[in-house]
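Below is one structure, written out as structure tokens, with a few remarks after it.
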Amino acid sequence: MLVSSADTLRNPVIGRKQEVNFITTLYVVLCQFYKAEHHPKIYKLLNMKNYLFLQKYDFLTRFINLTFVNIVSGIMVPLATLISTIFLGHLAEIQYLTGVALAGEIINLFYGLFISLRMSATALTAIAVGQNDREAVLLSGLRHGLLALVIGLAIVLFQYPLGKLGFGLLSADPDTLTSALDYFNARIWSAPATLLRFIIMGWLLGQEKVTSVLIISVVGNALNIIFDYFFIVRWEYGSTGAGISFAISEYITVFIGGIFVCLDLKWSEVKMVIDKVFYFSTFKSTLALNSNLLGANIVLFFVFGLFSYLGVGMGKITYAENALILQFVTLNLFLADALKLSLETVGGTFKGQGKNSKLVPLLWIALGTGIIISLLFSITSVLFPQTVFGLFTNHSEITHNIYIYVPWLIVILIASTVAYILMGHFIVLEAGNFILNSSIIAAVFGFLPTIIVMFWFYNNHILLLALSLFFILRIIILAFHIPTTSGGDNSSTKVAV
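Take the sequence shown: its position 57, counted from the start at 1, is 57 in UniProt numbering, and no numbers get skipped.
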């Protein structure tokens with residue numbers, strides 16, 4: 001539970017009241033235990049400089065609480081996908097696994113493009129909370145929810161041309177393509193629910209309603225796993241069953257989320273702000289941030305899409321190996337997403353309160369934690385490739401030689417995590433143009449030139465190098481702008497309502 005900011009204690013060294021959290025409490029306990037007259041050397045270590053260092057990071061308890069809940073709730077999505085992959089990977093025919101992987105990439109492209117809605121919903125809501133502006137909090141949820149509903153319905157309405165476009169860009173054998181289409185046609189109906197789930201989770205998280213977020217995620221994904229078992233294993237619906245189970249669980253998740261939203265809202269509040277939802281003069285700031293994030297996501301998924309497309313051209317086995325590697329990257333990014341969301345929530349509140357000097361220390365904590373997690377993931381995959389990837393499939397022809405490419409995960413996991421967390425920092429600053437520009441430059445000057453070289457050698461190592469360079473170049477560009485965006489305190493910008 002987060003400690004109330006109203007709780008205070010008196011510091012024995014500097015004699016003034018400070019906000020209670022784990023860090024300051026631990027500091028005061030140490031000061032009381034190691035008295036100056038009995039332990040002068042230890043007491044000297046607990047001087048003003050050390051205390052100010054702890055105060056600089058006095059958000060740690062709050063950040064850790066949020067990150068823990070975000071990891072538990074966030075890991076449920078890739079866990080459900082992983083279990084679905086395991087169910088499909090243990091079926092007699094490999095095309096169910098490769099088909100769902102192929103269609104999943106296309107659908108995730110459509111959904112992932114608009115994950116920016118959740119990003120901006122979290123950050124803008126947190127900024128409004130920091131400003132203690134209830135009207136802006138409500139408008140953030142309503143505007144993002146409206147955008148999500150319109151886009152989701154458009155995806156369902158245009159599912160046929162979208163499917164033709166997506167599958168037309170990829171080449172696959174007939175069995176894999178048939179399986180992919182079955183999965184796509186079933187899962188695409190969940191588009192409105194999926195995008196609304198993004199908004200509900202982001203809006204609640206921006207207000208630090210972590211318990212609600214946790215319950216929604218755990219229950220929704222647990223149902224997805226249960227439906228997967230029945231549709232894939234028991235009823236043998238294959239890839240169609242995987243798509244149906246996902247769609248059903250998404251609508252149930254949104255229903256549960258809607259209950260929590262209704263519990264947080266008063267109809268009188270909604271009626272007071274509903275007319276302002278469509279004020280374009282103030283709505284355009286939300287649209288501007290989302291359009292920049294959408295553009296960055298388009299570039300990102302172009303990179304992932306081209307990576308997968310070129311992998312398909314190298315044969316079914318190489319494509320399956322790359323699909324498993326990307327699945328592992330996705331799992332790691334969900335953990336990075338937990339850190340990014342915590343950064344957006346805490347950082348957004350700081351920005352709303354005008355405490356911009358806290359943003360860079362918060363960024364370093366998020367980056368350090370993300371790098372440690374990525375190292376653990378990558379080293380585990382390098383040391384135990386057969387064990388790790390054997391969980392995904394029992395087809396030995398896929399896992400037998402995957403160890404050749406696994407070392408690339410060390411670079412890809414760390415670089416993608418750092419780039420992802422940096423992205424969260426600039427979302428808090430509402431500097432979407434930096435995010436978009438870094439994506440375009442990294443793709444044009446890092447990814448694409450390496451792909452051109454790959455056509456000469458047609459080697460999967462070069463393909464993995466291209467993906468690595470894309471993330472590394474994004475890091476360099478975004479890091480270059482950090483000093484220019486770390487303004488002083490009291491520089492908060494009022495969220496337009």
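Heads up, the beta-carbon is just placed ideally off N, CA and C, and yes, glycines get one too.
Check: CB contact flag (phenylalanine 471, serine 416, <8 Å); Outcome: yes
Check: Cut-off 6 Å between Cβ atoms - residues of its own chain near methionine 48, not counting five sequence neighbours on either side; Outcome: Bear in mind that the predicted position of methionine 48 carries a pLDDT of just 48, short of 50, making it unreliable; the figure below should be weighed with that in mind. So the list is empty, once near-sequence residues are dropped.
Check: Where proline 385 falls, given that 16 or more other Cβ within 10 Å makes a residue buried; Outcome: buried
Check: Proximal residues to tyrosine 403 (C-beta, below 6 Å), its chain only, five neighbours per side dropped; Outcome: Pro385
Check: Valine 277 in three-state terms, based on DSSP; Outcome: coil
Check: Proximity below 8 Å, CB of glycine 241 to CB of phenylalanine 231; Outcome: yes
Check: Own chain residues within Cβ distance below 7 Å of threonine 450, not counting five before or after; Outcome: Ile462, Leu465, Ala466 and Leu469
Check: Chain-order list of residues whose beta-carbon lies under 8 Å from that of valine 237 (same chain, five-residue window excluded); Outcome: Residue identity check: residue 237 is tyrosine in the sequence provided, not valine. Around tyrosine 237: Phe231 and Ile244.
Check: Simplified DSSP assignment, three categories, for leucine 391; Outcome: coil
Check: Span of the alpha helix (DSSP H) around histidine 400; Outcome: Counting along the chain, histidine 400 falls outside any alpha helix (DSSP H), and DSSP gives it neither H nor E.
Check: Cβ-Cβ distance between leucine 409 and phenylalanine 328 below 8 Å; Outcome: yes
Check: At least three beta-carbon pairs within less than 8 Å, the region 173-182 to the region 84-97; Outcome: yes
Check: Own chain, CB closer than 7 Å to leucine 146, minus 5 neighbours either side, in chain order; Outcome: Val277
Check: Leucine 473 and phenylalanine 445 closer than 8 Å at C-beta; Outcome: yes
Check: Cβ-based neighbour list, residue 501, same chain, cut-off 7 Å, excluding 5 preceding and 5 following; Outcome: Shown here, the chain extends from 1 to 497; a query on residue 501 therefore has no answer.
Check: Nearest residue (CA-CA) to aspartate 182, options Leu339, Leu60 and Ser239; Outcome: Ser239
Check: Three-way DSSP call (helix, strand, coil) for asparagine 459 in this model; Outcome: coil
Check: Residue ranges of each alpha helix (DSSP H) within the region 404-452, 4 or longer; Outcome: 408-428 and 432-442
Check: Straight-line gap, alanine 320 to methionine 76 (C-alpha atoms, nearest Å); Outcome: 23 Å
Check: Tryptophan 203 - containing alpha helix (DSSP H), residue span; Outcome: 191-206
Check: Same chain only: Cβ atoms within 6 Å of serine 120, ignoring 5 sequence neighbours per side; Outcome: Leu289 and Asn290
Check: Straight-line gap, phenylalanine 260 to valine 254 (C-alpha atoms, nearest Å); Outcome: 10 Å
Check: Asparagine 332 (DSSP reduced to helix, strand or coil); Outcome: helix
Check: Supposed contact pair glutamate 344 and alanine 126 - C-beta distance, whole angstroms, cut 8 Å; Outcome: 6 Å
Check: Pick from Ile200, Ile248, Val382 and Thr211 that is closest to leucine 223, judged by C-alpha positions; Outcome: Ile248
Check: Three-state class that DSSP yields for methionine 76 in the structure shown; Outcome: helix
Check: For tryptophan 235, three-class secondary structure by DSSP; Outcome: coil
Check: Isoleucine 94 (DSSP reduced to helix, strand or coil); Outcome: coil
Check: Contact under 8 Å by Cβ, valine 411 with glycine 370; Outcome: no
Check: Length of the line joining the Cα atoms of glycine 74 and threonine 282; Outcome: 31 Å
Check: Own chain, CB closer than 7 Å to leucine 339, minus 5 neighbours either side, in chain order; Outcome: Thr67, Ala366, Thr369, Gly370 and Ile421
Check: Inter-residue CB distance, asparagine 332 and serine 374 (contact presumed, cutoff 8 Å); Outcome: 6 Å
Check: Lysine 271 versus Leu142, Phe302 and Phe167, residue with shortest Cα-Cα distance; Outcome: Leu142
Check: 8 Å Cβ cutoff met for methionine 84 and aspartate 228; Outcome: Reading off the sequence, residue 84 comes out as serine, not methionine. In this structure, aspartate 228 lies closer than 8 Å to serine 84 by Cβ.
Check: Boundaries of the alpha helix (DSSP H) in which serine 120 is found, first to last residue; Outcome: 116-130
Check: Span of the alpha helix (DSSP H), counted from its first residue to its last, around isoleucine 215; Outcome: 210-228
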